[in-house]
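J.: Note that the sequence shown covers residues 1 to 283 in UniProt numbering. Encoded as structure tokens, here's the structure I'll be asking about.
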Amino acid sequence: MATNTYHNHHSLLHHHHHSTTHHDIPPPSTATLFLKPTNTTATSSLSSHHHHHHSLVISSTKLFSILPTTSFSSPSSSSSSSKSNTFDLLQQHLSSQNFREADEETRRLLIVLAGEAAQTRGYVFFSEVQFIPEADLKAIDDLWRQHSNNRFGYSVQKRIFFDKVSEDFTNFFIKVGWMKKLDTEVDQFNYRAFPNEFIWELNDDTPEGHLPLTNALRGTQLLKCILNHPAFNNTEQEEEKELLQTGMAAVEANKTASTGGFKGLMDGSKPLKKRVLESDYSF
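Spelled out as structure tokens, the structure:
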């Protein structure tokens with residue numbers, strides 16, 4: 001696992017940091033709140049698991065924030081039918097592979113589900129994530145996973161954050177492609193500019209977990225609270241169950257097709273079971 005050494009990790013994202021009191025954070029002065037560029041420059045050292053040292057230089061830092069896209073017609077106390085209609089709109093965007101529209105709709109949904117204060121403010125405080133119903137957040141995540149072949153979604157980001165980058169936000173931003181590698185002799189990374197530098201299509205080169213985007217303007221606590229939401233507590237177990245069921249189906253198919261009958265089952269089942277149950281979370 002990669003180990004990162006920084007002069008001060010908080011200096012890298014010092015303008016990300018949250019205030020735990022709501023009134024200490026003034027609302028943005030404009031309606032557009034996404035990816036505000038700053039002139040802060042930070043230099044850090046990145047050490048890979050091969051013990052080769054690289055210089056990580058991040059300049060002209062651009063940050064993520066929430067972009068209120070439309071006025072909210074559905075209050076937090078909206079009926080189940082109106083919520084269903086809203087989820088239908090997200091499903092429509094995702095099924096049509098309109099990932100930018102789906103990202104904006106997801107952001108709008110989180111604001112609505114977080115409560116009236118978030119709707120009035122136009123963005124979500126990290127302390128309000130706990131009020132988002134588990135079933136609703138899971139439904140949003142399920143739609144993202146379903147229409148991206150399990151490449152996008154909060155649960156996918158959670159697996160990357162906890163299992164692949166050891167809860168290091170800088171490496172997480174690099175891993176999911178929210179930061180881009182610059183064409184320099186040393187390893188330098190810069191935050192992508194919204195919206196043109198983000199990837200709004202799904203192909204082989206799209207980083208896993210790239211979408212949906214999450215606010216980091218007021219710190220990384222919002223993202224961490226989302227990834228730690230109870231809605232995703234059982235996601236990994238469900239993935240393992242699906243893989244196991246797939247593996248069992250493959251074993252049965254192998255048994256049926258094999259001319260050796262029981263020998264075919266013996267030859268195919270053991271390595272297949274090992275391959276299914278041992279997930280590869282390495283870089």
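Built from N, CA and C at the ideal position, the CB exists for glycine as well.
1. For Q157, count the other beta carbons within 10 Å of its own beta carbon; 16 or more makes it buried, fewer makes it exposed. Which is it?
2. Rounded C-beta distance between E208 and I160? I'm assuming under 8 Å.
3. Which residues does DSSP list as the beta-bridge partners of K181?
4. Would you mind stating whether L137 and A216 have Cβ atoms separated by less than 8 Å?
5. Following the continuous alpha helix (DSSP H) through N228, name the residue where it begins and the one where it ends.
6. Can the beta-carbon of P212 be found less than 8 Å from the beta-carbon of D142?
7. Let me know if N149 comes out buried or exposed under the rule of 16 or more other beta-carbons within 10 Å of its beta-carbon.
8. With 16 other CB atoms within 10 Å as the buried threshold, where does D183 fall?
9. For the putative contact between W178 and F99, defined by C-beta atoms under 8 Å, what is the C-beta separation to the nearest angstrom?
10. When you compare the CB positions of K181 and D187, do they come within less than 8 Å of one another, or not?
T.: Inspection of the coordinates gives the following:
1. Here residue 157 refers to the residue found at position 157 when the sequence shown is read from its first residue. Burial call: buried.
2. For the purposes of this step, residue 208 is identified with residue 208 of the sequence shown, where counting begins at 1. For the purposes of this step, residue 160 is identified with residue 160 of the sequence shown, where counting begins at 1. Contact flag correct, Cβ pair sits at about 7 Å.
3. Looking up residue 181 in the sequence shown gives position 181. Assignment of beta-bridge partners to K181 by DSSP yields F189.
4. Against the sequence shown, residue 137 aligns to sequence position 137. Against the sequence shown, residue 216 aligns to sequence position 216. No, Cβ-Cβ distance for L137 and A216 is not below 8 Å.
5. Translated into the one-based positions of the sequence shown, residue 228 becomes position 228. Note, N228: premise wrong, no alpha helix (DSSP H); not H, not E.
6. By 1-based counting over the sequence shown, the position of residue 212 is 212. By 1-based counting over the sequence shown, the position of residue 142 is 142. No. Outside cutoff.
7. Mapped onto the sequence shown, residue 149 falls at position 149. The residue in question, N149, is exposed, as its Cβ has fewer than 16 Cβ neighbours within 10 Å.
8. Position 183 of the sequence shown, counted from the first residue, corresponds to residue 183. Exposed: under 16 other Cβ atoms inside 10 Å.
9. Within the sequence shown, residue 178 is the residue found at index 178, counting from 1. Within the sequence shown, residue 99 is the residue found at index 99, counting from 1. Rounded, the Cβ-Cβ distance is 14 Å, inconsistent with contact.
10. Looking up residue 181 in the sequence shown gives position 181. Looking up residue 187 in the sequence shown gives position 187. Contact flag set, yes.
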